[in-house]
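Protein chains in written order, with the numbering used here: chain A, 59 to 242; chain B, 59 to 242. The block underneath contains the structure these notes are about, expressed in structure tokens.
Protein chains: 2
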Amino acid sequence: MRRRILDAAALSLAENGYQATTLRGIADVAGLKAGSIYYHFASKEQITVEILNEGVEYVSDAVSRAVDALPPDAEGRTVLKAAIDAHLSALSAHKAYTRASIRCFSMVPEDIREQTIETRRDFDGIWLDTLKRARSHGSLTGHTDLREVHRIILGALNWTIEKRGGPSTRDHALSETLLSLLAS
Amino acid sequence: MRRRILDAAALSLAENGYQATTLRGIADVAGLKAGSIYYHFASKEQITVEILNEGVEYVSDAVSRAVDALPPDAEGRTVLKAAIDAHLSALSAHKAYTRASIRCFSMVPEDIREQTIETRRDFDGIWLDTLKRARSHGSLTGHTDLREVHRIILGALNWTIEKRGGPSTRDHALSETLLSLLAS
DNA sequence: GTCTATAGGGTGATAGAC
DNA sequence: GTCTATCACCCTATAGAC
């Protein structure tokens, strides 16, 4: 039941945002009454924190696993492709949680941001390491400030969730186009 | 006073989202009482529609003016640079409205989306025409589907507003990096 | 044009029965 | 574990005084 509540909340956060997400709405979808939620969670805030962190972790884990699985001498382009595809796949495999994470983070009360910012910083580090590795294997050679490249890639990838319905597996056309820009 | 109300509402929409934006909050910032807002506007919905449309129009007008001002034989790279810089400048020059537009559109009730979607479609058309023009003058020559390129550029540029505080004029470092990716 | 007062409804959270 | 009932509060919108 705990998971059903989280799933229902993630869906609502992704579609409607934090303030528009109500415990009564969550309860309806999860199949219980609003008051019963407090047996499983201490507050709406706690539910939200858990979802925002899970959403980032799905993508973070996917990207780091995909990159770590490559042979140490993999070409820069291969590294970038692995990271981009893993990122997009994770977005669409865990649509509700990842969308909730991306869209709600900066709109949410400060207490919640504080409890989710660390996970996000870790994720930034993973992508930055990935870009460094790609650069030391032949890609992005002209770019001294990988932070800018990071922002562009993240923006392009995370923007896919803005389509209503969220990211689809069909978004992998975007992977090819982005890669052709980065690797040429 | 009408403009003060819109400014206050845009600020709140940009920072807190649609549901978290209250007429009392708007009234406090604008310097009147909540009930008085109804002398100037019919509803919270109407205020929101006006802001979302203005936000897109600021950027849309800036991009189309910048591109139209170029000589007809301008190089593709010049066209792209003009459009990107105009887009980023407009984002930071009208922070509250543009941020509200970008972040609230997909979270807002359907009535509001319907009244703002046309402006957004027009804007998409402007960017797509710009990319076509750039391609016919030497840039993006390998790309058959400019729609994908469009999504990447828009994602990278609009992502700048996700930083708390919104886009800054310092974001023009991003312009150079993005351009180097597109024009190589 | 702006105010006060209020209607009518929704919200997160708690207490206690079962 | 889940329910019902309820508290205290906030919301949009309206009505009528000034």
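Ideal Cβ placement from N, Cα and C applies to all residues, glycine included.
Item, Value
"Measure the alpha-carbon distance for V166(B) versus H208(A) and round it to whole angstroms.", "29 Å"
"Please state if the CB of R135(B) and the CB of S233(B) are separated by a distance shorter than 8 Å.", "no"
"Where in the segment 137–163 of chain A do unbroken runs of the alpha helix (DSSP H), each at least 4 residues long, occur, reported from the N-terminal end onward?", "153–162"
"Between the segment 60–71 of chain B and the segment 148–168 of chain B, do at least 3 Cβ pairs fall closer than 8 Å?", "yes"
"Check each residue of the segment 218–231 of chain B: if its Cβ is closer than 7 Å to any Cβ of chain A, include it; give the result in chain order.", "E220, R222 and A231"
"L110(A) and C162(A): beta carbons closer than 8 Å?", "yes"
"Residue ranges of each alpha helix (DSSP H) run of no fewer than 4 residues wholly in the segment 161–242 of chain B, ordered along the chain?", "168–172, 175–193, 204–216 and 230–241"
"Using beta-carbon positions only, say whether I175(A) and T235(B) come within less than 8 Å of one another.", "no"
"Which chain B residues sit within Cβ distance under 8 Å of R209(A)?", "A214, W217, T218 and L232"
"Check whether the Cβ of S197(A) lies closer than 8 Å to any Cβ atom in chain B.", "no"
"In the DSSP assignment, the alpha helix (DSSP H) including Q104(B) goes from what residue to what residue?", "K102 to D126"
"Write down the C-beta distance between V117(B) and L128(B) rounded to the nearest angstrom, noting that I regard them as a contact closer than 8 Å.", "Actually they do not touch by this definition, with Cβ atoms about 18 Å apart."
"Going by C-alpha distance, which of A144(A), L204(A), E103(A) and F181(A) is nearest Y76(A)?", "E103(A)"
"What is the DSSP secondary structure of E73(A), counted as helix, strand or coil?", "helix"
"Using the C-alpha atoms, what's the distance from H98(B) back to A85(B)?", "12 Å"
"What does the alpha-carbon distance come out to for the pair E168(B) and S101(A)?", "29 Å"
"Got a sec: is the Cβ-Cβ distance from E103(A) to anything in chain B below 8 Å?", "no"
"For T106(B), tell me which candidate among T188(B), S150(B), Q173(B) and R179(B) has the shortest Cα-Cα distance.", "Q173(B)"
"Could you check whether V114(A) and T188(A) sit closer than 8 Å to each other, using their CB atoms as the reference points?", "no"
"Can you find a C-beta in chain A that's less than 8 Å from the C-beta of E206(B)?", "yes"
"For N74(B), which of T202(B), R222(B), R61(B) and S147(B) has the nearest alpha-carbon?", "R222(B)"
"So, are the CB atoms of I184(B) and V121(B) less than 8 Å apart?", "yes"
"Since A92(A) and G224(A) are thought to touch, with beta carbons under 8 Å apart, how far apart are those beta carbons, to the nearest angstrom?", "So it is not a contact: roughly 26 Å between Cβ atoms."
"Counting C-beta neighbours from all protein chains within 10 Å, is the total for A140(A) 16 or more, i.e. buried, or is it exposed?", "buried"
"Quick one: is G75(B) near chain A, going by C-beta distance under 8 Å?", "yes"
"For D119(B), I'd like the list of residues in its chain whose CB is within less than 6 Å of its CB, leaving aside the five on either flank, ordered along the chain.", "none"
"Hey, would you say K190(B) sits closer than 8 Å to L212(B), going by beta carbons?", "no"
"So is H145(A) in contact with chain B if we call contact Cβ pairs under 8 Å?", "no"
"Does DSSP put G89(B) in a helix, a strand or coil?", "coil"
"Using the rule of at least 16 other Cβ atoms within 10 Å of the residue's Cβ for burial, across every protein chain shown, is R193(A) buried or exposed?", "buried"
"Only counting the same chain, and skipping five residues up and downstream in sequence, which positions put a Cβ closer than 6 Å to that of V87(B)?", "A66"
"Using the Cα positions of T151(A) and H230(A), report the straight-line distance between them to the nearest angstrom.", "The amino acid at residue 151(A) is misidentified as Thr; the sequence shows Ala. The alpha-carbon atoms of A151(A) and H230(A) are separated by roughly 13 Å."
"Under 8 Å Cβ to Cβ from L56(A), same chain only, skipping five residues before and after it: list those, please.", "The displayed coordinates of chain A run from 59 to 242. Any statement about residue 56(A) would go beyond what the structure contains."
"Note down, in chain order, every chain B residue with its Cβ under 8 Å from the Cβ of T235(A).", "H201, D203, E206, V207 and I210"
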